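All remarks here apply to the structure that follows.
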Ligand SMILES: Cc1ncc(C[n+]2csc(CCOP(=O)(O)OP(=O)(O)O)c2C)c(N)n1
Ligand SMILES: [Mg+2]
């Protein structure tokens, strides 16, 4: 099993997201993350899809995506060292001031920002590559994560 | 071109005519009143009123498969559209080019559960190649042009256009007949030259080359190229169900249809060959069966298909070629013609001869010991009908008896529901076929169960003067399911008996059709002549045995050389 990130340019039509997710369902493909956003060209949107699977499964997915009429371009971001980011917001339980201090120090060392704090919790924002976010979240579980939000991946190739 | 001011309904009809549409199969409804007002007494666009939307889709499908042109069907919103769904799924599975127009509630009411609202756009997404929900009248020209372009190019398929009532009634200023298409839709049709050259070399050096011809040969009209290649190489040819008719089945190099209910020696040849050129096929499970290690184990496998997503999907291949099979065959032939000498294949040719005659004798032998009435009726039909006659089939034993014993000589003359296996397809498909080819005889080889699913459209045949002939293999059972219950479920015939109704002859007569019952295969010719001479649509009720079995077959879980029921086959 490996994760592959596929970046797509699609026509900005109503229903294109339904079509994309419907295709994944129909072909029995599990996606780890799917994000849609505007891009540099009017009338087109960018979709970033992260999929887990074996090499041959991923190859099949890529071809099925390419078959969708509204897909203009498919870029496989596995090969080139793409820049991959995920944004995470989490509310961490801080039972006393010592804990709060410890959480804030750890957050700082990860390059995360403290967005808000109350007597018994802090809200932290971290924008990083997904693996690092996973590690940070694991660490915070130790104190108690009350809420966790992640946007899903976005990625850009270097050339 | 100058802009014109037209209602949406008029734009639709103008664009249909521009796409060369001559006929549409449909049923009107509330939201389609504007469209039908324009269709009224159109000279250039014939509309055939069907009696069920499923039949409208199947008729458009049958029309497309026979004519090679895009079939068109029309249904109203809600139930009209949901009734279409089976027909769309069927056509799309078998890559038949069809454009469906559906009515929709006014745009402002979409999403409110308005009267006869259904989300046709989302319901039909997984059963179409592409679909559109049009929100503005001015978008119609581009949408319709693209619908036809997408349906009829690349891997052909179904495109649906959902048309809200106000989009049809509103007037807009538009440029008719636009040419622009989607930036991302580039149906890849030119095969790679390096790959075709490699293929030519493999085939030239092979000792036991075999060609597997799928439906792609028929939809790309590549029968002649196929035949030239087979003859040049001395290669055997087997077909899939969808490829039946790609080469005349009595051609000395043709070994018939392969697969679960295929011919014994078509399957053997796949197992014995050392190079397999698969053309326009998707290696469905009904072809390959389940033991893939029996499928061409010693062969270099070459797969040509227009749809890149089919390559390596069901079958790992050695040489993949994405492109139109007709172009690929042309290239392969050109490479081969440059070769001085094509390998010594006399042993293989001798083997092909042996295998060909083993199956052909059985197909031609009308009174072969142990024959069932079902296969005798089909053999008779095969002898009676001329090479140009078009046969459609329902689904079940009837379909497999037809596939096995009806000898097809020309492409586009054997029309069957391959991928979806839809009971009720054959008869409405025959209607479409007859409309596409009014001068040819059109016969639906039906099962009693299947025919009852769509027989109401006998009314269409009578009212619109479409004289097709339905020949029912009447076993009073859902025979194919019964066969499986007999062979694999201890003869527990759970819910497969159909009882005694209806009387198919009286049913035909009630609709104003010709009806006749035949109990002996030798009486079929007379009955068929009566049917054709009556000039009416007709139903011939052929009484067959409930225990008739279509054999040999590959049992569930088996492989291509594990056919059962081969006792009656000639062993060579
Ligand atoms: C719409 C639909 N429903 C159910 C089936 C499952 N099925 C496959 S063959 C068959 C029996 C067909 O009976 P009949 O048309 O009488 O043909 P026979 O097998 O008896 O020749 C059934 C129920 C199907 N293929 N299509
Ligand atoms: Mg039956």
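Chains as they are written, first to last, in our numbering: chain D, 11 to 169; chain U, 33 to 604. Where is the CB? At the ideal position from N, CA and C, for every residue including glycine. Computed from a predicted structure; not experimentally measured.
Residues of the stretch 32-48 of chain D whose Cβ lies closer than 7 Å to any Cβ of chain U, in chain order: Residues 32 and 36.
Determine contact between the stretch 312-327 of chain U and the stretch 584-596 of chain U, defined as no fewer than three beta-carbon pairs at a distance below 8 Å. Short answer: they touch.
Could you confirm whether any beta carbon from chain U is found closer than 8 Å to the beta carbon of residue 80 of chain D? Chain U, which has a Cβ nearer than 8 Å to the Cβ of residue 80 of chain D, makes this yes.
Where does residue 335 of chain U fall in DSSP's three states? The three-state reading of DSSP puts residue 335 of chain U in strand, counting E and B together.
Leaving out five residues before and five after residue 129 of chain U in sequence, what residues of the same chain have Cβ atoms less than 6 Å from its Cβ? Cβ within range, chain order: 96, 102, 183, 184 and 188.
Check: residue 455 of chain U C-beta below 7 Å from any heavy atom of ligand 1: Under cutoff, so the answer is yes.
On the CB-based measure, 16 or more other CB atoms within 10 Å of its CB, does residue 105 of chain D come out buried or exposed? Result: exposed.
To the nearest whole angstrom, what separates the beta carbons of residue 152 of chain U and residue 113 of chain U, a pair I think is in contact under 8 Å? About 4 Å separates the two Cβ atoms, so the contact holds.
Where residue 45 of chain U falls: helix, strand or coil (DSSP): Correct three-state label for residue 45 of chain U: helix.
On a Cα-Cα basis, can you pick out the residue from U:580, U:117, U:263 and U:233 that is closest to residue 402 of chain U? For residue 402 of chain U, the closest C-alpha among the options U:580, U:117, U:263 and U:233 is that of U:580.
Are at least three pairs of beta-carbons, each pair with one atom in the stretch 12-20 of chain D and one in the stretch 75-91 of chain D, less than 8 Å apart? In short, these stretches touch, since the Cβ pair count reaches three.
Residue 125 of chain U CB to nearest heavy atom of ligand 1 below 7 Å: Not one heavy atom of ligand 1 falls within 7 Å of the beta-carbon of residue 125 of chain U.
Using a Cβ cut-off of 8 Å, pull out every chain D residue sitting near residue 157 of chain U, in sequence order please. The CB of residue 157 of chain U comes closer than 8 Å to the CB of 25, 28, 29 and 32 in chain D, given here in chain order.
Could you tell me which residues DSSP puts in a beta bridge with residue 509 of chain U? According to DSSP, residue 509 of chain U bridges with U:529.
Alpha-carbon spacing of residue 97 of chain D relative to residue 47 of chain D, whole angstroms: Straight-line measurement puts the Cα of residue 47 of chain D at about 14 Å from the Cα of residue 97 of chain D.
CB contact flag (residue 463 of chain U, residue 498 of chain U, <8 Å): For residue 463 of chain U and residue 498 of chain U, yes; Cβs fall inside 8 Å.
According to a CB-to-CB cut-off of less than 8 Å, which residues of the stretch 48-70 of chain D neighbour chain U? The residues in question are 66, 69 and 70.
In the DSSP assignment, the alpha helix (DSSP H) including residue 493 of chain U goes from what residue to what residue? Note, residue 493 of chain U: alpha helix (DSSP H), 490-495.
Measuring CB atoms only, is the stretch 167-186 of chain U touching the stretch 205-214 of chain U, in the sense that at least three cross pairs come out at less than 8 Å? Contact holds between the stretch 167-186 of chain U and the stretch 205-214 of chain U, because three or more Cβ pairs, one in each stretch, are under 8 Å apart.
How far does the beta strand (DSSP E) with residue 84 of chain U in it extend, from its first residue to its last? Bounds of any beta strand (DSSP E) do not take in residue 84 of chain U, whose DSSP letter is neither H nor E.
Cα-Cα separation between residue 262 of chain U and residue 279 of chain U, rounded to whole angstroms: Rounded to the nearest angstrom, the gap between the Cα atoms of residue 262 of chain U and residue 279 of chain U is 10 Å.
Nearest to residue 336 of chain U by alpha carbon, out of U:364, U:267, U:328 and U:85? Comparing alpha-carbon positions, the option among U:364, U:267, U:328 and U:85 lying closest to residue 336 of chain U turns out to be U:364.
List the whole-angstrom C-beta distance separating residue 576 of chain U from residue 506 of chain U, where the pair is believed to meet the contact cut-off of C-beta under 8 Å. Residue 506 of chain U and residue 576 of chain U do touch by the CB rule: their CB atoms are close to 6 Å apart, below 8 Å.
Taking all protein chains shown into account, do 16 or more other C-beta atoms lie within 10 angstroms of the C-beta of residue 515 of chain U, making it buried, or fewer, making it exposed? Around the beta carbon of residue 515 of chain U, a 10 Å sphere encloses 16 or more other beta carbons of the protein chains shown; the residue is thus reported as buried.
Is residue 490 of chain U close to chain D, meaning its C-beta is less than 8 Å from at least one C-beta of that chain? Not a single C-beta of chain D is nearer than 8 Å to the C-beta of residue 490 of chain U.
Does residue 525 of chain U get closer than 8 Å to chain D when you measure Cβ to Cβ? Proximity of residue 525 of chain U to chain D, defined by a Cβ-Cβ separation below 8 Å, is not satisfied.
Inter-stretch contact (C-beta, 8 Å, three-pair minimum) for the stretch 393-407 of chain U and the stretch 307-317 of chain U: Under the three-pair Cβ rule at 8 Å, the stretch 393-407 of chain U does not count as touching the stretch 307-317 of chain U.
Return yes when the Cβ of residue 234 of chain U is within less than 8 Å of the Cβ of residue 307 of chain U, no when it is not. Taking 8 Å as the cut-off, the Cβ atoms of residue 307 of chain U and residue 234 of chain U count as close.
Per DSSP, cross-strand counterpart(s) of residue 164 of chain D: Under DSSP, residue 164 of chain D takes part in a beta bridge, and its partners are D:95.
CB of residue 525 of chain U to nearest heavy atom of ligand 2: below 7 Å? Taking 7 Å as the cut-off, the C-beta of residue 525 of chain U does not count as close to any heavy atom of ligand 2.
Is residue 22 of chain D near residue 55 of chain D, with beta carbons less than 8 Å apart? The answer is yes: Cβ separation under 8 Å.
Using a Cβ-Cβ distance cut-off of 8 Å, determine whether residue 74 of chain D contacts chain U. Chain U contact via Cβ: present.
Excluding sequence positions up to five away, which residues of its chain have a Cβ less than 6 Å from the Cβ of residue 441 of chain U? Shown here for residue 441 of chain U: same chain residues with a beta carbon closer than 6 Å to its own, the five before and five after excluded, namely 280 and 419 in chain order.
Stretch pair the stretch 53-67 of chain U + the stretch 130-143 of chain D: three plus CB contacts closer than 8 Å: At 8 Å Cβ cutoff, the stretches do not touch.
Ligand 1 heavy atom lying under 7 Å from the CB of residue 482 of chain U: Residue 482 of chain U: yes, Cβ under 7 Å from ligand 1.
Would you mind telling me which residues of chain D sit closer than 9 Å to residue 182 of chain U, beta carbon to beta carbon, in chain order? Ordered by position in chain D, the residues that pass the 9 Å Cβ test against residue 182 of chain U are 79.
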